[in-house]
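Read in the UniProt record's numbering, the sequence shown has 13 at position 13, and its numbers run on one by one without any break. We put the CB at the ideal spot given by N, CA and C, even for glycine. Here the structure is a predicted model, which means the values were calculated and not measured. Working notes for the structure below.
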Amino acid sequence: MPEVVRRASADAGRPGLSSEVRFRIAPEEPVFAGHYPDFPIFPGVCVVECAHRAALATAPGAGTIALRALESARFIGPVFPGDVLTVRADWKPADGGWTYTATAATERGTSAKVRLGFRTEVTP
Numbered sequence: 001m002p003e004v005v006r007r008a009s010a011d012a013g014r015p016g017l018s019s020e021v022r023f024r025i026a027p028e029e030p031v032f033a034g035h036y037p038d039f040p041i042f043p044g045v046c047v048v049e050c051a052h053r054a055a056l057a058t059a060p061g062a063g064t065i066a067l068r069a070l071e072s073a074r075f076i077g078p079v080f081p082g083d084v085l086t087v088r089a090d091w092k093p094a095d096g097g098w099t100y101t102a103t104a105a106t107e108r109g110t111s112a113k114v115r116l117g118f119r120t121e122v123t124p
């Protein structure tokens, strides 16, 4: 379960809206059994999913958001079992939705940079 540190809000140190969410990467995660058996690394697709879940947990504005696109992903460093992955992100309005630009990091430094596009769905 992610720990929401800050929902999308104005941050005195950054322009626009920003958010922060932490994930503890449990050593028991089933994905570690096959990725890789003698040297477990949290897969990049799982890091992207953490960014996606962080976005859903901290979305700004009214209504709900739905993922429109994975606009970019750059993997920089590994995430190991037991790490705490912190996802810090900036939100910017874009084409009837939002662009979510996130940096995922462990205590060793940046693990990934991800940009997701969301559309806003207004609920009646």
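Asked	Found
Would you kindly check if the distance between the Cβ of Ala-104 and the Cβ of Val-122 is under 7 Å?	no
Could you have a look at Ala-26 and say whether DSSP puts it in helix, strand or coil?	coil
Please tell me whether Glu-28 has its Cβ less than 7 Å away from any Cβ of chain D.	Annotation note: the requested chain D is absent from the structure, which comprises a single protein chain.
Compute the distance between the beta-carbons of Glu-71 and Gly-117, then report whether it is under 7 Å.	yes
Beta carbon of Arg-119, beta carbon of Arg-68: below 7 Å?	yes
Just to confirm the assignment, what range does the beta strand (DSSP E) spanning Arg-53 have?	Not the beta strand (DSSP E): Arg-53 falls in the alpha helix (DSSP H), residues 44-58.
Taking only the alpha-carbon atoms, compute the straight-line gap between Glu-29 and Ile-41 and give it to the nearest angstrom.	11 Å
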